[in-house]
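**Student:** Numbering (the working numbering), first residue to last: 2 to 725.
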Amino acid sequence: MKSNGWHTLTVESLERELGSDGNNGLTEREAEHRLTTVGPNELPEAPPPSPLKIFLAQFSSLIVWVLIGAAVVSGLLQEWIDAAAIVAIVILNAILGFVQEFRAERSLAALRKLSVATARVIREGVARSIPARELVPGDLIQAEAGDRIPADSRLIYATSLQTQEASLTGESTPVGKSAEAISQIEVPLGDRRNMLFMSTIAVSGKGRALVTSTGSQTELGKIAAMIHREAQAEQEETPLQRRLEQLGHTLLWLSLVIVTVVFLLGMLRGVPLIMMFLTSVSLAVAAIPEGLPAVVTITLALGVTRMVQRHALIRRLPAVETLGSTTVICSDKTGTLTKNEMTVTHLYLDGEVLTVSGEGYAPLGEIRTEEGPTSAKPYPGLTALLRAGVLCNGAELRLESFAWQVVGDPTEGALLVVAAKTGLSKADLDRENPVLGEVPFDSERKKMTVVRHAASGPVAYVKGAPDVLLRDCTAWMTRDGQITALTEESRQRILSTNRQFASHALRVLGVAMRPLDILPDAYIATSLEQDLTFLGLVGMKDPIRPEAKAAVETCRAAGIRTVMITGDHKDTAVAIAHDLGILETGAQAISGTELDQLSDDELEQRVTGTAVYARVSAEHKLRVVRAWKRRGAVVAMTGDGVNDAPALKAADIGVAMGITGTDVTKEASDMVVTDDNFASIAAAVEEGRAVFDNIRKAVFYLLSCNISEILLMLLATLFALPLP
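1. So, under 8 angstroms CB-CB, TYR524 and GLY395 are touching, yes? Tell me the CB distance rounded to an integer number of Å.
2. Taking VAL617 and ILE566 to be in contact with their CB atoms under 8 angstroms, please state how far apart those CB atoms are, rounded to whole angstroms.
3. Kindly indicate which residue of VAL512, LEU293 and LEU265 has the alpha-carbon position closest to the one of LEU252.
4. What's the call for PRO723, buried or exposed, on a 16-neighbour Cβ count within 10 Å?
5. Which residue from LEU533, SER457, MET199 and PHE679 puts its Cα closest to that of GLU433?
6. Tell me where the beta strand (DSSP E) around ALA203 begins and ends.
7. Just the Cα atoms here: how many angstroms apart are VAL460 and PRO516?
8. In chain order, which alpha helix (DSSP H) runs of at least 4 residues are fully inside the segment 586-622?
9. Kindly provide the ranges of any beta strand (DSSP E) runs that are 3 or more residues long and lie completely inside the segment 665-722, ordered along the chain.
10. Identify, in the order they occur along the chain, each residue of the same chain with its Cβ nearer than 8 angstroms to the Cβ of PHE278, setting aside the five sequence neighbours on each side.
11. When DSSP labels each residue in this structure, what does LYS334 get in the three-state scheme?
12. Which residue marks the beginning of the beta strand (DSSP E) containing GLU21, and which one marks its end?
13. Is DSSP giving ILE299 helix, strand or coil here?
14. According to DSSP, is GLU445 helix, strand or coil?
15. Taking the straight line between their C-alpha atoms, what separation do you get for THR356 and ALA420?
16. Bridge partners for GLY465 per DSSP, in chain order?
17. On the DSSP letters alone, give me the boundaries of the alpha helix (DSSP H) that PHE198 sits inside.
18. Where do the ends of the alpha helix (DSSP H) carrying ARG34 lie?
19. Kindly indicate the opening and closing residues of the alpha helix (DSSP H) around SER1.
20. Report buried or exposed for LEU257, applying the criterion of at least 16 other Cβ atoms within 10 angstroms of its Cβ.
21. Using a C-beta cutoff of 8 angstroms, does ARG155 count as contacting chain B?
22. So, is ILE142 buried or exposed, given that buried needs 16 or more other C-beta atoms within 10 angstroms?
23. Between PHE502 and ALA385, what straight-line distance do the alpha-carbon atoms span, to the nearest angstrom?
24. What does MET565 pair with, by DSSP beta-bridge criteria?
25. Pull up the distance between the alpha-carbon of SER161 and that of GLN598, whole angstroms please.
26. Out of ILE330, GLY206, MET514 and PRO41, point me to the one whose CA is closest to LEU533's CA.
27. What's the gap between the Cα of LEU400 and the Cα of GLY139?
28. Roughly how many whole angstroms lie between the Cα atoms of ILE202 and SER332?
29. Nearest-angstrom Cα distance between THR666 and ARG317?
30. Please return the same chain residues whose Cβ sits closer than 7 angstroms to the Cβ of VAL636, not counting the five positions on each side in sequence.
31. What ranges does the alpha helix (DSSP H) occupy inside the segment 526-559, keeping only unbroken runs of at least 4 residues that lie completely in it?
32. Using 8 angstroms for Cβ pairs, my map puts GLY640 next to ALA615. What's the rounded Cβ distance?
Written out as structure tokens, the structure reads:
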């Protein structure tokens, strides 16, 4: 079977390849046979870590063994207070480390929560509901709005089907689906419009699909395997742990040298052997800064407390100091650098571009023309455009817990918000203009039509891709509400404005209407979507967080490189990276398809000159993180979706989003940002540097005390003075 080419097959070829029937599905006997061959449709569960192994791992550090040795020697010398203090410190640190690590390895368990309990399948021509774990390749499944997809599948029929794939691909908006074959083999997951993926959600429409992969062979299963490999790989030490290990070696050898010198000098002076042995051993114990682990733990814990106040929740103590050593931050775009709230910023009608102020879903702001705010001088053409955007709409705008929320498609929500800024309410318009019929959005038509009752009779309101919509328009409305013929010159001016909006990374919709003489017998797109009157263009974008640009500049001033890694399209990513100051002069932007053409060595050479990675998969993100680490960078990786989890696990510090992040990313992370804000990551790095500075000061202080003791003994021996 084709592991990556299912999207290229026609329905007939798909049926032959899978040995299935697109109408009746598999027989029960064949399904049972395949289940025994390929196994259940579930993700492999990693065996839980041994508590004993985790506990014993806390004693692997050299400095811990040096402390244990010091405790043993103190006991032999009957210095019971010193021995007890050292043992208490060692055990306390072991318990803290054990608790943190025992909670850390739950990524796969969280991933399994995304699996679906039941699936609607057709076998032997009969629809039934079965446990999702019993699905096999070749099964014929049904999907409708609200369903979670139970396995990777190839669509054979779809009508107005859209799925939300953000957790898998990183694309923030719903994806329209079609059963048509795709000719190209190398197509990013987000562009495989005829495929359904395990754990994604159908948000509208319905469809039928043949299961192509189950369990560990699904795209979700591949991510689970990557997380498992990263979890099984030997965990790299943090910069702090490496420095403490080096300090332990240095102290050990320095103590041995000085103790040997003191012992030999004492013997040359004729001091009794027993006396010099006890003195040398005491000196060795005194040379060990037994308070160091406690100081480090307390300093890290205080750093964690301060970070919580700055919206950063640390899950593993050493991560605090790692943040302070970070040299590269690989950041997701949607929701981290941007607000993840589609906002209308520009309107176009009757040859005029209008700007819209205000960001997010709060209906605050105004629409401005060259003459000033439209609220001071409203006109009919604008009202008609905004009314049509509200009436051809399935979303809702609500005020919940003192925050405005959009229920439904974010793009449609943005239309409701811009209308609300002029006082137009969806509830009022719905009541005045009840729905008579609808032709849902279709990825092939790229349009949506809603027929409403109006005082003058039924009216069809249409919105969709501007270039496609214009083909069905024969007239357009002027700003004063007059309808005139749509000339070729006007058509080209509209298309030019559409291109201009798109070049600024705006998502553009065209809006039109058509009064109907009589109510149609059937709501068919071909009959409704013709002879339309063009009303205008609506340009919208996911606005940049206002504090993100300053945070990127702060990171740059601190010597930290910011890299954007996103599942969105390259043009959108590049425009936003320019606005944020991430894509500087000379820096490059590459797509996931281009990344596939590079070997690991080639990527390592190009990674320092690349600031933006667009349309990437989970494997791409993992490769970028590894390439930076091979270059010697200390990498922080941010993310919120399942596809981010392997890279979070591989990074020196993984940062999950607290609001939009999935359980998988949170469990794979070292830090959770509670407000999903890039500025909070920059603040956490600042705190991490302060923590490292405090630890360094504490180490200098402790060493100065210990070195003074050693020098006192050494000088007393050298100058034949009584032993202190």
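Backbone N, C-alpha and C define an ideal beta-carbon position, used for all residues, glycine too.
**Tutor:** Reading off the structure:
1. What you label residue 524 is simply residue 523 of the sequence shown in a count that begins at 1. What you label residue 395 is simply residue 394 of the sequence shown in a count that begins at 1. About 15 angstroms separates the two Cβ atoms, so there is no contact after all.
2. For the purposes of this step, residue 617 is identified with residue 616 of the sequence shown, where counting begins at 1. For the purposes of this step, residue 566 is identified with residue 565 of the sequence shown, where counting begins at 1. Contact flag correct, Cβ pair sits at about 6 angstroms.
3. Your numbering for residue 252 matches position 251 in the sequence shown. Nearest of VAL512, LEU293 and LEU265 to LEU252, Cα basis: LEU293.
4. What you label residue 723 is simply residue 722 of the sequence shown in a count that begins at 1. With fewer than 16 other Cβ atoms within 10 Å, it is exposed.
5. Here residue 433 refers to the residue found at position 432 of the sequence shown. Checked all of LEU533, SER457, MET199 and PHE679; the closest Cα to GLU433 is SER457.
6. As a working mapping, residue 203 is identified with position 202 in the sequence shown. Taken as a continuous stretch (DSSP letters only), the beta strand (DSSP E) holding ALA203 covers 202-214.
7. Looking up residue 460 in the sequence shown gives position 459. Looking up residue 516 in the sequence shown gives position 515. Taking the straight line from one Cα to the other gives about 4 angstroms.
8. 593-597 and 601-607
9. 672-674
10. Position 277 of the sequence shown, counted from the first residue, corresponds to residue 278. Cβ neighbours of PHE278 beyond the five flanking positions: PHE264.
11. Within the sequence shown, residue 334 is the residue found at index 333, counting from 1. Coil at LYS334, not helix or strand.
12. Here residue 21 corresponds to residue number 20 of the sequence shown, with the count starting at 1. The residue asked about is misnamed: residue 21 is Ser in this sequence, not Glu. That residue, SER21, is in no beta strand (DSSP E); it is neither H nor E in DSSP.
13. Residue mapping note: residue 299 aligns to position 298 of the sequence shown, counting from 1. Three-state DSSP puts ILE299 in a helix.
14. Locating residue 445 in the sequence shown gives position 444, counting from the first residue. Of the three classes helix, strand and coil, the one that applies to GLU445 here is coil, per DSSP.
15. Position 355 of the sequence shown, counted from the first residue, corresponds to residue 356. Position 419 of the sequence shown, counted from the first residue, corresponds to residue 420. Approximately 13 angstroms, taken between the alpha carbons.
16. To locate residue 465, count along the sequence shown from 1; it is residue 464. The partner list for GLY465 (beta bridge, DSSP) reads LYS448 and GLY511.
17. Working through the sequence shown from its first residue, we reach residue 198 at position 197. It is not in any alpha helix (DSSP H) - PHE198 carries neither H nor E in the DSSP assignment.
18. If you number the sequence shown from 1, residue 34 lands on position 33. Residue identity differs from the one stated: residue 34 is His in this sequence, not Arg. That run of the alpha helix (DSSP H) goes 29-39.
19. The chain is shown from 2 up to 725; residue 1 falls before or after that span and cannot be answered.
20. Reading the sequence shown from its first residue, position 256 is the one you call residue 257. Its Cβ having fewer than 16 others within 10 Å, LEU257 is exposed.
21. In summary, chain B is missing from the structure at hand, where a single protein chain is found.
22. Position 141 of the sequence shown, counted from the start, is the residue given in the question as residue 142. By the 10 Å Cβ count, ILE142 comes out buried.
23. For the purposes of this step, residue 502 is identified with residue 501 of the sequence shown, where counting begins at 1. For the purposes of this step, residue 385 is identified with residue 384 of the sequence shown, where counting begins at 1. Each residue's Cα considered, the two are about 21 angstroms apart.
24. Stepping through the sequence shown from its first residue, residue 565 is reached at position 564. Its beta-bridge partners are SER332 and VAL613.
25. By 1-based counting over the sequence shown, the position of residue 161 is 160. By 1-based counting over the sequence shown, the position of residue 598 is 597. Roughly 34 angstroms separates the two Cα atoms.
26. Mapped onto the sequence shown, residue 533 falls at position 532. Ranking the options by Cα distance to LEU533, first place goes to MET514.
27. Working through the sequence shown from its first residue, we reach residue 400 at position 399. Working through the sequence shown from its first residue, we reach residue 139 at position 138. The alpha-carbon atoms of LEU400 and GLY139 are separated by roughly 45 angstroms.
28. By one-based count along the sequence shown, residue 202 stands at place 201. By one-based count along the sequence shown, residue 332 stands at place 331. The alpha-carbon atoms of ILE202 and SER332 are separated by roughly 25 angstroms.
29. Counting from one through the sequence shown, the residue named residue 666 turns up at place 665. Counting from one through the sequence shown, the residue named residue 317 turns up at place 316. Each residue's Cα considered, the two are about 15 angstroms apart.
30. Stepping through the sequence shown from its first residue, residue 636 is reached at position 635. Same-chain partners within the cutoff: VAL329, CYS331, VAL626, TRP629, LYS630, ALA652 and ASP653.
31. 526-529 and 547-558
32. Locating residue 640 in the sequence shown gives position 639, where the first residue counts as 1. Locating residue 615 in the sequence shown gives position 614, where the first residue counts as 1. Rounded, the Cβ-Cβ distance is 15 angstroms, inconsistent with contact.
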